[in-house]
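Peer 1: One structure follows; several queries about it will come next.
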Amino acid sequence: MYYANSLSSDFAWPSDTFSSSPYFNDRGLNGTAQPITERIHPHSRPIVSYYFPKGVGAHHYGERHPMKPARLTLTNELVFGYGLHNQIHNIYDVRPATREELEVYHDSDYLDFLSRVTPANQSEMRNLIDKFNCGEDCPIFADMYDFSRMYAGGSLAGARKLCAGTTDIAINWSGGLHHAKRGEPSGFCYVNDIVLAILELLRYHPRVLYIDIDIHHGDGVELAFYQSDRVMTVSFHKYTGDFFPGTGKLDDNGYGTGKNFALNVPLLDGIDDDMYLTIFKTIIEDTVASFRPSAIVLQCGADSLGSDRLGAFNLSIAAHGECVNFVRAFNVPLLVLGGGGYTLRNVCRCWTYETSVLVGVSIPNELPRTVYDSFFADSQWKLHPPLSGRVENQNTPASLQRITISIRNKLRYLQGAPSVAMQEIPPDIQGFLKDEERSQEELEEEISTATAGEQRADTSIARNEFFEGDKDIDHDSPPTPPPPSRARGSTKRGRGRGGRGRARGRGRVSSTSVVDDDEDDDDDEPPAPSRKSTRGRGRGRAGKTRGVASESKRSPDLPTEADSDTPNGKL
Ligand code: V1D
Ligand code: CA
Numbered sequence: 001m002y003y004a005n006s007l008s009s010d011f012a013w014p015s016d017t018f019s020s021s022p023y024f025n026d027r028g029l030n031g032t033a034q035p036i037t038e039r040i041h042p043h044s045r046p047i048v049s050y051y052f053p054k055g056v057g058a059h060h061y062g063e064r065h066p067m068k069p070a071r072l073t074l075t076n077e078l079v080f081g082y083g084l085h086n087q088i089h090n091i092y093d094v095r096p097a098t099r100e101e102l103e104v105y106h107d108s109d110y111l112d113f114l115s116r117v118t119p120a121n122q123s124e125m126r127n128l129i130d131k132f133n134c135g136e137d138c139p140i141f142a143d144m145y146d147f148s149r150m151y152a153g154g155s156l157a158g159a160r161k162l163c164a165g166t167t168d169i170a171i172n173w174s175g176g177l178h179h180a181k182r183g184e185p186s187g188f189c190y191v192n193d194i195v196l197a198i199l200e201l202l203r204y205h206p207r208v209l210y211i212d213i214d215i216h217h218g219d220g221v222e223l224a225f226y227q228s229d230r231v232m233t234v235s236f237h238k239y240t241g242d243f244f245p246g247t248g249k250l251d252d253n254g255y256g257t258g259k260n261f262a263l264n265v266p267l268l269d270g271i272d273d274d275m276y277l278t279i280f281k282t283i284i285e286d287t288v289a290s291f292r293p294s295a296i297v298l299q300c301g302a303d304s305l306g307s308d309r310l311g312a313f314n315l316s317i318a319a320h321g322e323c324v325n326f327v328r329a330f331n332v333p334l335l336v337l338g339g340g341g342y343t344l345r346n347v348c349r350c351w352t353y354e355t356s357v358l359v360g361v362s363i364p365n366e367l368p369r370t371v372y373d374s375f376f377a378d379s380q381w382k383l384h385p386p387l388s389g390r391v392e393n394q395n396t397p398a399s400l401q402r403i404t405i406s407i408r409n410k411l412r413y414l415q416g417a418p419s420v421a422m423q424e425i426p427p428d429i430q431g432f433l434k435d436e437e438r439s440q441e442e443l444e445e446e447i448s449t450a451t452a453g454e455q456r457a458d459t460s461i462a463r464n465e466f467f468e469g470d471k472d473i474d475h476d477s478p479p480t481p482p483p484p485s486r487a488r489g490s491t492k493r494g495r496g497r498g499g500r501g502r503a504r505g506r507g508r509v510s511s512t513s514v515v516d517d518d519e520d521d522d523d524d525e526p527p528a529p530s531r532k533s534t535r536g537r538g539r540g541r542a543g544k545t546r547g548v549a550s551e552s553k554r555s556p557d558l559p560t561e562a563d564s565d566t567p568n569g570k571l
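Take a look at the structure:
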């Protein structure tokens, strides 16, 4: 069990360090030591692994609940519809997290409760439901434990693959549920896949940077690592004091050893692309320079987009994606996760666009035909519809400058902190590094994925591998995979010089925003899939662009019309 998650916890990070270890003494006087990013392929497109737990999108929080897992199915449809699966190196239908994996962070009694409670037995379990704070935000719905294990399984598998060094970027749009606490659900989140994934990354990586662009404060992740200097958390969010979850003010910055290793960027309604990008890039650039993460976890909550049902920012999909591209361009092993996002059509557009950004290909503004075509008719089937319903911008250049200056000051303290260069791996985490603790399945995953990585270096066309769990379902891996390229858990990892900086990628993917000004209505319930095209004539399919598939052939798991929130399918 990991205990560093609250101020009241009696956990204390060890005071002595690995200062005698050359591995951790990597900072040097001029700060130029490079043990971090050489595993990234500096002169080619990154290896991207995509995790989609099969069936995750079929879950329902309930009729009136804004969280709709169906957005994950829609995202997948667009990703495949654009043919991005041909550009993604590994695609996994990942196994659910096990109870033991969840227990690395979550309390046992809470997991007992989660695994037992059902809509059918909730009247008998009323006391526990109250004890664990379930309610309107976190209702009891069918198979919610399985759902939680699925999204957590995706983030854990991504983290494992990043540790194995067999991918540069791991994507799990079903993850990113940043509010869950170790002993209770919060804000639509039941287990905290992000904390679990970061703990996994810490088995190998000395420093992990967590960045959160969901409009809500990433409180669960911040809390888990509030006393740690090995995880730096940076959340950009709306902060008014009463906007959920009510935390994340500028001066909440970590505690004890973790002092200044939590950064909060509190913003007001209506922030626009220019302001957001300016403050995001400034703060992240400075944070990466000071903290020098060896891995980054990026939570891409899409409720920071304009027109979100629960949000109040004015961000375009292009700007949201530019944040993702900015982080990608650091060439540091990157775990990309979903999060909030309640105007479904925009969420799936956004995460599809961001998949293309991460893969490093440009996709046309014309959406591909999918079985959900009618769902996108409102915006003339555009990937980047014009923003409708702008909210008045209450941020000012002066207010943002104040925040930036304050954060820069905190980062100055950090740069002088020896812990950034020399941090002991806490004993419980150190234990994880033993090879013998690896399950057979994990070791096999490394073998198969290492093979995939090696194949990819030789081909620029068939980059993709399809896996169901660890099974290669397109059967195009070599029959006898070679052993993994390096032993896990060894500190002798043959690190060469890293490709730090921006040599690759920044600004390479151009945004394809359009300028017509259709209004986007609020119809946000996905339609029943239909194979019949609903698109108007003369729509101009100029988009017979490379990589655009005509129609997805996979079986959808979106709700049917019968599952719609309202009789006409409108929210
Ligand atoms: F509008 C609703 C309808 C039904 C059920 C819940 C809501 C709702 C909207 N906003 N709930 C909220 C937020 N909760 C509250 C508190 C409950 N009241 C007593 C106050 O305002 C919760 C918002 C959660 C946002 C989750 C997230 O977007 O950050 C996210 N990230 O990853 C996954 C989800
Ligand atoms: Ca946030």
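Residues in the sequence shown are numbered from 1 upward in steps of one, following UniProt numbering.
Each residue gets a CB set at the ideal place from its N, CA and C atoms; glycine is no exception.
Quantities reported herein were computed from a predicted structural model and do not represent experimental measurements.
(1) For the beta strand (DSSP E) containing Phe326, list its first residue and its last residue.
(2) Does the Cβ of His178 lie closer than 7 Å to at least one heavy atom of ligand 1?
(3) May I have a chain-ordered list of the beta strand (DSSP E) segments no shorter than 3 residues that lie completely inside the segment 68 to 127?
(4) Ligand 1 and Asp130: does any heavy atom of the ligand fall closer than 7 Å to the residue's C-beta?
(5) Helix, strand or coil: how does DSSP classify Asp212 here?
(6) Is there at least one non-hydrogen atom of ligand 1 closer than 7 Å to the beta-carbon of Asp214?
(7) Mapping the DSSP letters down to three states, classify Tyr255 as helix, strand or coil.
(8) Do you know offhand how far residue 591's Cα is from Phe326's?
(9) Locate the beta strand (DSSP E) running through Ser235, then write down its first and last residues.
(10) Measure from the alpha carbon of Thr343 to the alpha carbon of each residue in Asp286, Ile284 and Gly301, then state which is nearest.
(11) If you measure from the CB of Ser235, is any heavy atom of ligand 2 nearer than 7 Å?
(12) Can we count Gly301 as close to ligand 2, meaning its CB is less than 7 Å from some heavy atom?
(13) Does the segment 50 to 64 come close enough to the segment 371 to 378 to have 3 or more Cβ pairs within less than 8 Å?
(14) For Gly83 and Pro385, I'd like the C-alpha separation in whole angstroms.
(15) How far does the beta strand (DSSP E) with Ile47 in it extend, from its first residue to its last?
(16) Between which two residues does the alpha helix (DSSP H) carrying Ile284 extend?
(17) Closer than 7 Å: is that where the CB of His217 sits relative to any heavy atom of ligand 2?
(18) Considering only the beta carbon of each residue, do Ser530 and Asp373 sit closer than 8 Å?
(19) Can you tell me whether DSSP reads Arg497 as helix, strand or coil?
(20) Rounded to a whole number of angstroms, what is the C-alpha to C-alpha distance between Ile169 and Leu411?
(21) Determine the direct distance from the alpha carbon of Ala312 to that of Val347, and round the result to whole angstroms.
(22) Considering only C-alpha positions, which residue in the set Tyr239, Arg45 and Gly57 is nearest to His89?
(23) Just to check, is the beta-carbon of residue 572 closer than 7 Å to a non-hydrogen atom of ligand 1?
(24) Say yes only if the C-beta of residue 573 is nearer than 7 Å to one or more non-hydrogen atoms of ligand 1, and no if none qualify.
(25) Quick one: what's Asn264 bridged to in DSSP?
(26) Would the beta-carbon of Arg390 fall within 8 Å of that of Asn331?
(27) Mind checking whether Lys249 and Gly220 have CB atoms under 8 Å apart?
(28) Got a sec? Which residues, its chain only, sit under 6 Å from Arg349 by beta carbon, not counting five neighbours each side?
(29) What first and last residue would you give for the alpha helix (DSSP H) that runs through Val347?
(30) Does the structure place the segment 198 to 214 close enough to the segment 115 to 134 that three or more beta carbon pairs sit under 8 Å?
(31) Apart from the five residues just before and just after Ala247, which ones in its own chain have a Cβ nearer than 7 Å to its Cβ?
(32) What does DSSP give as the partner residue(s) for Val336 in the beta ladder?
(33) Under the criterion of a Cβ to heavy atom distance below 7 Å, does Phe188 qualify as lining ligand 1?
(34) When every heavy atom of ligand 1 is checked, does at least one fall within less than 7 Å of the C-beta of Phe244?
(35) Would a C-beta distance cut-off of 8 Å place residue 586 and Asn172 closer than the cut-off?
(36) Excluding sequence positions up to five away, which residues of its chain have a Cβ less than 6 Å from the Cβ of Tyr263?
Peer 2: In this structure, then:
(1) Not the beta strand (DSSP E): Phe326 falls in the alpha helix (DSSP H), residues Ile317 to Arg328.
(2) yes
(3) 90 to 93
(4) no
(5) strand
(6) yes
(7) coil
(8) Residue 591 is absent from the structure shown; the chain starts at 1 and stops at 571.
(9) Val231 to Lys238
(10) Gly301
(11) yes
(12) yes
(13) no
(14) 20 Å
(15) Neither: Ile47 is in no beta strand (DSSP E) and is coded neither H nor E.
(16) Asp273 to Phe291
(17) yes
(18) yes
(19) In this prediction, Arg497 scores a pLDDT of 27, lower than 50, which makes its location untrustworthy; the coordinate-derived value is nonetheless stated afterwards. Coil.
(20) 26 Å
(21) 15 Å
(22) Arg45
(23) Because the chain is modelled from 1 through 571, residue 572 falls outside the range shown and cannot be assessed.
(24) For the chain, the structure presents residues 1 to 571; residue 573 sits outside this window and is missing.
(25) Ser235
(26) no
(27) no
(28) Ile317 and Leu383
(29) Leu344 to Val359
(30) no
(31) In the sequence on display, residue 247 carries Thr and not Ala. Same-chain partners within the cutoff: His217 and Asp219.
(32) Ile171 and Leu298
(33) yes
(34) yes
(35) Outside the shown range of the chain, which is 1 to 571, sits residue 586, and nothing can be said about it.
(36) The question names Tyr, but residue 263 is Leu in the sequence shown. Hits under 6 Å: Val234 and Ile407.
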